[in-house]
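Residues in the sequence shown are numbered from 74 upward in steps of one, following the working numbering.
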Amino acid sequence: MEKAVINEKSPIKVKLEKGKTYHFCTCGRSENQPFCDGSHAVTSFKPLAFSVEEDQERNLCRCKQTKNAPFCDGTHRQL
74 MEKAVINEKS
84 PIKVKLEKGK
94 TYHFCTCGRS
104 ENQPFCDGSH
114 AVTSFKPLAF
124 SVEEDQERNL
134 CRCKQTKNAP
144 FCDGTHRQL
């Protein structure tokens, strides 16, 4: 099974807008972390589309090991 690249061992805080669709990088190869830039094309990974119900700031995962994608769940502390 192919594994995601660990981009960073820390989350990144981002402002998310209500009603906007985001595409979270699941492969770890994107130069536009934590969002997809199409780098997954040479892998079996696909981006994760998501949106939020209200404007907010959230910590998004960059280690790609979270069990709550796209949101950080602290897994990076165990890597």
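Glycine residues also receive a C-beta, built at the ideal position from the N, C-alpha and C atoms.
For residue j and residue i, the rounded distance between their alpha carbons
i             : j             : result
glutamine 129 : alanine 142   : 16 Å
cysteine 98   : aspartate 146 : 16 Å
lysine 93     : valine 125    : 7 Å
proline 84    : serine 117    : 23 Å
valine 87     : alanine 114   : 25 Å
glycine 111   : serine 103    : 7 Å
valine 78     : glutamate 127 : 30 Å
For residue i, the residue or residues it bridges with in DSSP
i             : result
isoleucine 79 : Beta-bridge pairing links isoleucine 79 to no other residue.
Cβ neighbour criterion (16 or more within 10 Å) applied to residue i
i              : result
glycine 101    : buried
arginine 135   : buried
leucine 133    : buried
asparagine 105 : exposed
lysine 82      : exposed
Cβ-Cβ distance between residue i and residue j below 8 Å
i                 : j            : result
phenylalanine 144 : arginine 131 : yes
Boundaries (first-last residue) of the beta strand (DSSP E) holding residue i
i             : result
glutamine 129 : 129-133
alanine 122   : 121-123
valine 166    : The displayed coordinates of the chain run from 74 to 152. Any statement about residue 166 would go beyond what the structure contains.
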